[in-house]
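Numbering (my numbering), first residue to last: 219 to 292. The C-beta atom is built at its ideal place from N, Cα and C for all residues, glycine as well. Inspection log for the structure reproduced underneath, given as structure tokens.
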């Protein structure tokens, strides 16, 4: 992935932001930008990466997927 105009990278980003809106920010009003940033950071670091399972990662969370990948030696 990566590179300017890469449709695969773009679809991954679009999917993430769609999930973020649906699961965390939709219908929420944040009093400040800092509050919104803190809430989004909490969602990503405390739920999305370590816990939420992803179909594209074989039903594993991103943290678990990376752990297994690192252990495989690839």
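Residue environment, residue 266, which counts as buried when at least 16 other CB atoms sit within 10 Å: Counting C-beta atoms within 10 angstroms of its own C-beta, residue 266 has 16 or more neighbours from the protein chains shown and is therefore classed as buried.
Host alpha helix (DSSP H) of residue 284 (start-end): 280-290 is the extent of the alpha helix (DSSP H) around residue 284.
First through last residue of the alpha helix (DSSP H) which encompasses residue 261: Residue 261 -> alpha helix (DSSP H) spans 251-261.
Inter-residue spacing [alpha-carbon to alpha-carbon] between residue 258 and residue 288: Near 27 Å, if we compare the C-alpha coordinates of residue 288 and residue 258.
C-beta contact flag for residue 256 and residue 268 at 8 Å: For the 8 Å CB-CB criterion, residue 256 and residue 268 do not form a contact.
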